[in-house]
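Just so it is clear: in the sequence shown, position 424 is 414 by my numbering, and no numbers are missing. A virtual CB, placed ideally from N, CA and C, is assigned to each residue, including glycine. Since we're looking at a predicted model, the values are computed, not measured. Everything on this sheet refers to the single structure shown next.
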Amino acid sequence: SDHMENIYGYLMKYTNLVTGWQYRFFVLNNDAGLLEYFVNEQSRHLKPRGTLQLAGAVISPSDEDSHTFTVNAASGEQYKLRATDAKERQHWVSRLQICTQHHTEAIGKNNPPLKSRSFSLASQGSANSPGVQRRPSQNAVSFFNVGHHRLPAGKRVPIMQPDHLVDVREMMSQAEGQQRDLIRSIECLPVSGHLTSLDQDLLMLKATSMATMNCLNDCFHILQLQHASQQKGSLPAGTTISWLEPKISLANHFKNGAAQNFPAEINKPASVREEQSIAEPCELTREPEEINPDEELEDICDDKEDDLGAVEEQRSVILHLLSQLKLGMDLTRVVLPTFILEKRSLLEMYADFMSHPDLFIAITNGTTPEERMIRFVEYYLTSFHEGRKGAIAKKPYNPIIGETFHCSWRMPKSDLAADAGSNFPARSPSEQVNLSKDVEGQAELDYYTVKFVAEQVSHHPPVSGFYAECVERKMCVNAHVWTKSKFLGMSIGVTMVGEGILSLLEHGEEYTFSLPCAYARSILTVPWVELGGKVNINCAKTGYSASINFHTKPFYGGKLHRVTGEVKQNATNTVVCRVQGEWNSVLEFTYSNGETKYVDLTKLTVTRKRVRPLDKQGPFESRRLWQHVTESLRDGDIDKATEHKRALEERQRNEERLRAETETPWCTKYFLKDGDGWVYHKPLWKTVSAAQTQQTDTN
């Protein structure tokens, strides 16, 4: 290929914290599939200072800036490099990727023995204590008989007929059994010594064998769909298709990297059978349910999430996952291991963004448009600490379609009146406004109620809708979020696509806003989470806007979790408030009158949400739906949690297939499609507008 020429030139290479970045002369040797570097161009004729094998490597452009990129070799060694500009980086990255792909494919075609060393595993005596013998002529691939079955010369593969799917299924089952034996042989190796179960080559063998079986399973599913479509046209009306499935589910082979023997269906826990046998959503009532806040009790669950810490014991799981991913790959359909899960659904995470209802209600108490915009920015920035549980590197459950979550908060009016200026000091005597305005016809209560509802309105793509309102203060927020996850090399990025609208009906104002991106960093060492991206908040009626930047940590130096922003009047381009600090620690607000205020987010009072007991929740409400997964995680039983999680996911897949077969569209319960977004079916602005119209007609 014309693109397979050798290239060379100077790049900056990151060495360590002490030495930092240094210029080195790099040479891409396409013929040998090597990236070599020297101290300078003059020493090019000497032995290279360093060499990376590019076969199986991953070339990752940095998401931090336009100059940096990394070369991650299959051996685990990594070069962090920086070009002089974006154009030069693209030149190096594209050439490296072409060379890497060429040599990786060559290895796959030729299937050469491992160059690093040769070894074999021989089961002598007990299967749990295999002996280790050196056989220079044999490698792991040949020992385990992983190879191709060649057809005799002159024979052709017959065209697959639908009747042969049963035979294919049987062969798939046999292949799965052989693959399980392979995994068991590796798992039975000792954890220390010359050849261990954590050996890099064996981990790669495990990962590639699993990826191969997944690929075969996908191909088999395509054949099933073709078979079903052919049968559908010839079957009598009303006949349902019996879907062919492998006798052994591929997903059942692994629980965090270990082979498992699962019991027969009759021996499954009752909770798992219940999860798999819940009636189809289309058979349940899809009528919106009015939740009585008086049935909700103050939440007593206190599921503190421990950090993941080092993931050495889960390295085989992570390596297996990474072996299936490519840079930029959408992770929507990738099933992540159970040990990284929080003990809550994504829908409940959105509710936890509302954990400071006093600050939410106080927005509408601002006496001027400027003050209300500033209060909204202050509330917005304080919501992420509790919503994200700090920087804990865990993710909530992916909601299944039709899943809902309900809760509410109660704020005593006396507390709100007394504390309205405590978290955010009052900037005018008019702060002490009357906080006891109620919607006409409602009984006078000594507290405000903020009600929240969320629903998973779509599975592919995964879209959630959520809505919160305080009727007494005539304010509500409606939002829809599409979570798009991508693999970025050594991190995972989650983009929150969508929009939220805060409506202050007393003032006739709407504030549009979005959410920042989230990144899971250092996924092979000690994972952690940071937020990144620019967020805009706008109020078209008042002409005030806010621009907020969540800064990701620079590659070298800099602070974690930094956020900056400013509020301005668009007409005059005047900045009325600036903010800086950390979104999970301390924020500093500086106002146009010269006043500066510090808010320690770790000391803000968190109001506990109120949730109905499990026995009063519907089968598709988050806590009841995921209760067995949550209980298993609390008990530290990852295997059991995985089994319950898998049952829910399998049920969702079966329901999706049935809807596709019967051409039945999904019907949402609480949210209606509105253009590209989703709107709550009974928003407060409709209720208030109808009440005002009725009052006008009466008068």
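Boundaries of the alpha helix (DSSP H) around N644: 628 to 652. The continuous alpha helix (DSSP H) containing F350 extends over residues 347 to 352. The DSSP-derived three-state label of E78 is helix. The straight-line gap separating the alpha-carbon atoms of S504 and R34 is approximately 52 Å. By the criterion of at least three beta-carbon pairs nearer than 8 Å, the stretch 23 to 43 is not in contact with the stretch 168 to 179. Residue state for T597 is assigned as coil, using DSSP reduced to three classes. Cα atoms of I364 and E499: separation of roughly 14 Å, rounded to the nearest angstrom. Of the other Cβ atoms in all chains shown, fewer than 16 fall within 10 Å of the Cβ of I290; this residue is therefore exposed. Following the DSSP letters along the chain, one finds G(-1) inside the beta strand (DSSP E) bounded by residues -3 to 4. Scanning its chain for C-beta atoms nearer than 6 Å, with the 5 sequence neighbours on each side dropped, one finds around P389 the residues S335, L336, L337, Q446, in chain order. Burial of S612 is indicated by the presence of at least 16 other C-beta atoms within 10 angstroms of its C-beta. Going by DSSP, A458 is part of the beta strand (DSSP E) stretching over 453 to 460. Taking 9 Å as the cut-off, the beta carbon of V367 is found closer than this to the beta carbon of I527.
Proximity of the stretch 453 to 463 to the stretch 661 to 675 meets the contact definition, three or more beta-carbon pairs being nearer than 8 Å. Three or more pairs of CB atoms, one per stretch, sit closer than 8 Å, so the stretch 54 to 63 contacts the stretch 74 to 84. Contact annotation: E489 and A510 have beta-carbon atoms that are not nearer than 9 Å. In this structure, DSSP gives L492 an extended state, which the three-state scheme calls strand. In the structure shown, the three-state DSSP call for P51 is strand.
Membership of F28 in any alpha helix (DSSP H) is not indicated; the residue belongs instead to the beta strand (DSSP E) covering 24 to 28. Around the beta carbon of I482, 16 or more other beta carbons sit within 10 angstroms, so the residue counts as buried.
Of the residues assessed, A561 falls on the exposed side of the cut-off, its CB having fewer than 16 other CB atoms within 10 angstroms.
Short of 8 Å from the beta carbon of E556, and not among the five residues preceding or following it, lie these beta carbons of its own chain, in chain order: A536, S537, V565, C567, R568, V569. Non-local beta-carbon contacts of L604 in its own chain, meaning distances under 8 Å to residues more than five positions away in sequence, involve R613, R614, Q617 in chain order. Going by beta carbons, W656 and I391 fall inside the 9 Å limit. Y581 is bridged by DSSP to C567. For the pair V158 and L86, the CB atoms are not nearer than the 9 Å cut-off. Annotated three-state conformation of T502 is strand, per DSSP. Between L287 and V601, the CB-CB gap stays under 9 Å. Here R624 is exposed. Its C-beta has fewer than 16 other C-beta atoms within 10 Å. Under DSSP, the beta-bridge partners assigned to C466 are E459, S493. In the three-state reduction of the DSSP assignment, Y387 falls in the strand class. Close CB contacts of T542 within its chain, under the 7 Å cut and outside five residues either way in sequence, are with E54, Y509, E520, G522 (chain order). Pairing P347 with C205 gives a Cβ-Cβ distance that is not under 9 Å.
Contact between I353 and Y369 holds, since their C-beta atoms are separated by about 6 Å, short of 8 Å.
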